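First residue of the sequence shown: 1318, per the numbering used here; consecutive thereafter.
Idealized CB from N, CA, C, for every residue including glycine.
From a predicted model like this one, the values you see are computed outputs, not experimental measurements.
The block underneath contains the structure these notes are about, expressed in structure tokens.
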Amino acid sequence: MADYAGPIAVLVVDDEEPIRTALKKYLVQQQFEVYTAGTGDEALNELRRHRIALMLSDIRMPGTSGVDLVPQAIEVEPDLAILMLTALNDATSAALCMQRGAMDYLTKPIELADLGRAVQRALRRREMQLENRHLNQWLKEEVTTRTAELQRERMRLERISTATLEALVNALEAKDPYLRGHSARVADLSATVGAEFGLPDDQVEQVRIAARLHDIGKIGTREAVMNKQGPLSPEEYEHVKQHVIIGSQILAPLVHLGPISAYVRGHHERWDGSGYPDGLAGEAIPVGARVIGAAEVYDALSTSRPYQDKLTPEEAVKRMAELSGTVLDPKVYAALNAVVGRRHTLVFLDDGTASSV
Ligand SMILES: [Fe+2]
């Protein structure tokens, strides 16, 4: 046996001493290490003391019967092979023992040669069971390890794809002094507002990533329109509006981003349904898009733009109050108001860092 260095240990359980002695003598001849017990309790003690491979047990015994001994013995030694010895007229008890985990039974009087074969059969079965269990265990560990490796690799690729897109946004914004750091600031504010709004942590993270990437579609906006100082023509405005569709199309194939592409697509929707590209209204607008939309308005008001002087946080929030219920989800506005209120001792600089005043 694979798990035994020495001879295989067998336990003989019978209340009749002459039977114990005869069985022991035969099994010793067969090169087994043999222990004996006269009662069920003694048998359990022997099982606790030695690593026993096979138990040969009588059914009719005073005290614990063989039928009751079987489950108790298996509890002490789960790998134990059990053979029952039964009287001719006791097939019912023998069947009960099999049900409870015994492998086989022999009817008394026993032919020693039959006993030898039954013991070998039971030990072979036990060995196969042990091998199967080891194999299953190994397979389980192997599957767990491989799954963890795949998971790590997948997460690494996901991080790389998001980081690549963020680099693209940075490159896009770097060209425009007014936009520099815009997405990073909107991402920071959106995540804080999302948390204040009561979104769960994983959704807050999705909002943060979506906000970081919300204007990635501007990669498809013509340079002349991007850099235009002054009002846009209707055609140019239609062209700019395409950035939410292009953005969501860029992100759509990245299935691991989940709702992020919908957040990007919806960040110019308005609470009253007058936004674009789908004219969604109210809670039909994905919540992440509502949050990013509000954070973007705040950022536009509170940073310098070619067409306006920047407002203080208090002024920006006050101006936004007029948009609550039309452009902005009132609950999202309330969350943003609370967040900015808490931050009133901080000024967010154009490069996205904060400093105390
Ligand atoms: Fe946008």
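Taking 8 Å as the cut-off, the Cβ atoms of Thr1353 and Val1387 do not count as close. For Gly1590 and Gly1599, the gap between their C-alpha atoms comes out near 7 Å.
In this structure, the C-beta of Asp1532 approaches ligand 1 to less than 7 Å from one of its heavy atoms. In the three-state scheme derived from DSSP, where H, G and I count as helix and E and B as strand, Thr1481 is classed as helix.
In this structure Ile1563 is in contact with Gly1537, their Cβ atoms being roughly 4 Å apart against a cut-off of 8 Å.
In this structure the stretch 1327-1344 touches the stretch 1361-1374; the number of beta carbon pairs closer than 8 Å is three or more. Closest option to Ser1565, judged by alpha-carbon separation, among Arg1582, Gly1575, Glu1552: Arg1582.
Taken through DSSP and simplified to helix, strand or coil, Leu1402 comes out as strand.
Proximity to Ala1435 across Asn1654, Met1637, Leu1344, Asp1616 peaks at Leu1344, based on C-alpha coordinates.
At the C-beta level, Met1401 and Ala1419 come within 8 Å of one another.
Not one heavy atom of ligand 1 lies closer than 7 Å to the C-beta of His1573. In the three-state reduction of the DSSP assignment, Thr1356 falls in the coil class. Leu1371 is bridged by DSSP to Val1327, Ala1398. Excluding sequence positions up to five before and after Leu1640, its CB lies within less than 8 Å of the CB of Val1614, Tyr1650, all in the same chain and listed in chain order. Here the alpha carbons of Val1384 and Ser1410 stand approximately 7 Å from one another.
Cα atoms of Gln1389 and Thr1381: separation of roughly 10 Å, rounded to the nearest angstrom. Contact check between the stretch 1608-1624 and the stretch 1506-1513: three or more CB pairs, one atom from each, fall below 8 Å, which counts as touching. If you look at Tyr1422, you'll find it in the beta strand (DSSP E) that goes 1421-1424.
Rounded to the nearest angstrom, the gap between the Cα atoms of Asn1453 and Arg1443 is 15 Å. A heavy atom of ligand 1 is found nearer than 7 Å to the CB of His1560. Ranking Asn1449, Arg1368, Tyr1495, Val1524 by CA distance to the CA of Ser1621 puts Tyr1495 first.
Here the stretch 1457-1469 makes no contact with the stretch 1515-1533; the two share fewer than three CB pairs at distances below 8 Å. By the CB criterion at 8 Å, Val1557 and Arg1529 fall outside the cutoff.
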